[in-house]
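A.B. asks: FYI, the numbering for the sequence shown is 10 to 169, going by our numbering.
Glycine is no exception: its CB is placed at the ideal position from the N, C-alpha and C atoms.
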Amino acid sequence: MVSVNIHSVTHMCALVLPVMLSRKKGLIINVSSSITSVPAGLLTLYSGTKAFVDKFSEDLQTEYRDSGITVQCIKPGFVATKMSKVKASMWCPTPDTYVASALNMLGYTTTTPGYFPHHFLEIPCDFMTYLTCKPFVSSMFLKHYLKLRKSALKRLSQKK
């Protein structure tokens, strides 16, 4: 997870930045996750590495802003893919819809969910996490993830 979400991001940026600096322009898009906005027990390593991508992108944008280089971090929520097994809806776009939306957000902000309806999902999460009792919210999310884990383990045992 660290190699995929941290090492690859830092190495790719190190590869492309010198070329972008010589051209005095460039665009770096890093992919994080909306999971970094909420407590994520049982997803600690994943959410921690994605939080690195957020902070790395934000600080890289600060460093290179005046060099003609734009750094943007997109933080997708659910997207309807075979892996997520979630059906497409207004709140859960298809990959094509998500990408088109994320590309339309380029240059407006350093960090974005990439899909406009996901902004509306971030607001209650931010409110619950930062303006209410954080231990309560952490407990609520942990119970949810434990339930998902139990269900996944049950499905795995039925396949054997």
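#1: For a test of the three-state rule: what should DSSP assign to G57, helix, strand or coil?
#2: By DSSP's criteria, T121 is part of a beta bridge. Which residues make up the other side?
#3: How long is the line joining the alpha carbons of L69 and V80, rounded to whole angstroms?
#4: Could you check which residue in V108, L52, M10 and Q167 has the C-alpha nearest to that of Y154?
#5: Who pairs with V40 in a beta bridge, going by DSSP?
#6: Would you list the one or two residues that DSSP bridges to G35?
#7: Name the residue from P48, V28, T106 and L157 whose alpha carbon lies nearest to the alpha carbon of P144.
#8: I believe C82 touches E67 by the beta-carbon criterion, under 8 Å. Please report the beta-carbon distance rounded to the nearest angstrom.
#9: Could you compute how far the alpha carbon of K152 sits from the alpha carbon of R32?
#10: Candidates L24, R74, K169 and I15: which alpha carbon is nearest Y55's?
#11: Near K34, what residues of its chain come up, given a Cβ to Cβ distance below 6 Å and the 5 sequence neighbours on each side ignored?
#12: Closest to C101 by C-alpha separation, out of H128, I37 and A60, would be which residue?
C.D. replies: Looking at the atomic coordinates:
#1: Position 48 of the sequence shown holds residue 57. Looking at G57 - three-state DSSP - the assignment turns out to be helix.
#2: Stepping through the sequence shown from its first residue, residue 121 is reached at position 112. According to DSSP, T121 bridges with I83.
#3: The sequence position of residue 69 within the sequence shown is 60, counting from 1. The sequence position of residue 80 within the sequence shown is 71, counting from 1. Each residue's Cα considered, the two are about 7 Å apart.
#4: Working through the sequence shown from its first residue, we reach residue 154 at position 145. Y154 has its Cα closest to that of L52, out of V108, L52, M10 and Q167.
#5: For the purposes of this step, residue 40 is identified with residue 31 of the sequence shown, where counting begins at 1. Looking at the DSSP output, V40 sits in a beta bridge with I83.
#6: Here residue 35 corresponds to residue number 26 of the sequence shown, with the count starting at 1. G35 is bridged to I78.
#7: In the sequence shown, counting from the first residue as 1, residue 144 sits at position 135. Among P48, V28, T106 and L157, the Cα nearest to that of P144 belongs to P48.
#8: Translated into the one-based positions of the sequence shown, residue 82 becomes position 73. Translated into the one-based positions of the sequence shown, residue 67 becomes position 58. Their Cβ separation, rounded to whole angstroms, is 7 Å, which keeps C82 and E67 in contact under 8 Å.
#9: Along the sequence shown, one-based indexing puts residue 152 at 143. Along the sequence shown, one-based indexing puts residue 32 at 23. One C-alpha to the other measures close to 50 Å.
#10: Indexing the sequence shown from 1 puts residue 55 at position 46. The candidate whose alpha carbon is nearest that of Y55 is I15.
#11: On the sequence shown, position 25 is the one that residue 34 refers to. For K34, where only same-chain residues beyond five positions count, the Cβ hits under 6 Å are G77.
#12: Translated into the one-based positions of the sequence shown, residue 101 becomes position 92. Shortest Cα-Cα distance from C101 to any of H128, I37 and A60 involves H128.
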